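Trainee: Sharing a structure below in structure tokens format, with a few things to ask.
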Amino acid sequence: MRNLRYVSDFSDFHQVFSATLGKMATVQNRFADIVGNLDWNADFDSCEIAFGDQIYRIQLIGSESKVSDTWLWGFANQSGLSPEATAFSHEILRVGREWGLQAFSEPSFELDEMFNGHNLSIAACGAAGENLCYYGCEHDKGCAFVAIMDAPASLFEPLGAHEFVKIASDCIQNFDVDHKIFIKSFLEFNGVKFDENTQKGGFLKKGKDEIVAKFDKELLIEFDDKGRILEFKYEF
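The numbering of the sequence shown is the working numbering, which starts it at 46 and goes up by one.
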């Protein structure tokens with residue numbers, strides 16, 4: 046697993062999710078552009094998924110059940126899958142035990158707004174030491190989530206400032222995240238250096254809490270007193 050340097054408590058799924066969301070939102074958007082609306086065909090014997098003539102190597106992350114409304118990690122799946130098909134999920138289990146992260150180590154649990162196939166796949170693939178994306182294979186009884194093990198390198202190319210702001214804005218509007226962990230981790234994934242300026246306010250002095258990201262033009266990200274993003278501003 047990669048170094049999530051801005052996570053202070055690895056047993057806290059909220060922090061791990063916050064650190065991985067920016068990267069994975071970028072990667073998943075790009076992968077969706079590649080496969081579009083093509084039908085999928087997954088084969089766990091050969092560990093491959095096909096979208097038309099596009100073929101990728103896969104491993105099972107886990108699955109959602111519409112019948113029981115539960116999540117089941119691939120390492121706990123009793124369907125006779127090969128060791129190769131569940132290798133990544135066993136790595137998730139190992140890390141979950143190491144981190145004390147129950148969401149990664151509990152074999153099965155009820156689905157809810159935070160703990161669902163997409164969020165768990167985002168955290169698992171985003172924390173991986175290799176470049177992965179995922180795909181949800183929907184079927185009548187639920188959805189099987191698979192890691193794409195040979196994801197195209199183009200998915201992981203750096204973002205420009207404008208696209209970074211767009212994706213970051215969408216993420217903080219649609220997900221419950223720690224804004225500072227999210228922004229710092231997203232900038233790191235993007236290879237963008239930044240400075241952090243924090244000053245306490247006083248009776249006559251306004252406090253300052255901001256990050257200055259060094260894109261081609263500087264991007265100023267201001268935070269409120271609760272550490273939530275107030276606004277993005279370009280500095281010329």
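Backbone N, C-alpha and C define an ideal beta-carbon position, used for all residues, glycine too. Because the structure is a prediction, the values reported are computed rather than measured.
1. So, under 8 angstroms CB-CB, Leu49 and Ile167 are touching, yes? Tell me the CB distance rounded to an integer number of Å.
2. Spatial neighbours of Leu329 within its chain, please: C-beta separation below 8 angstroms, excluding the five flanking residues on both sides.
3. Is Met69 buried or exposed, if buried means 16 or more other CB atoms sit within 10 Å of its CB?
4. If you reduce the DSSP assignment to three classes, tell me which class Phe89 lands in.
5. Taking only three categories from DSSP, how would you classify Arg273?
6. Please name the residue in Phe220, Asp254, Asp98, Phe260 whose C-alpha comes closest to that of Lys238.
7. Do the CB positions of Ala64 and Cys92 come within less than 7 angstroms of each other?
8. Reducing DSSP to helix, strand and coil, say where Gly162 ends up.
9. Helix, strand or coil for Ala173, going by three-state DSSP, please let me know.
10. Using the C-alpha atoms, what's the distance from Asp90 back to His184?
11. Roughly how many whole angstroms lie between the Cα atoms of Ala192 and Lys211?
Mentor: Looking at the atomic coordinates:
1. Between Leu49 and Ile167 the beta-carbon gap is near 13 angstroms, outside 8 angstroms, which marks them as no contact.
2. The shown model of the chain, from 46 to 281, leaves out residue 329, and the question about it has no answer.
3. buried
4. Looking at Phe89 - three-state DSSP - the assignment turns out to be coil, as it is neither helix nor strand.
5. Here Arg273 sits in coil by DSSP.
6. Taking the Cα of Lys238 as reference, the smallest distance to any Cα among Phe220, Asp254, Asp98, Phe260 is reached at Phe260.
7. Pairing Ala64 with Cys92 gives a Cβ-Cβ distance that is not under 7 angstroms.
8. helix
9. coil
10. 18 angstroms
11. 25 angstroms
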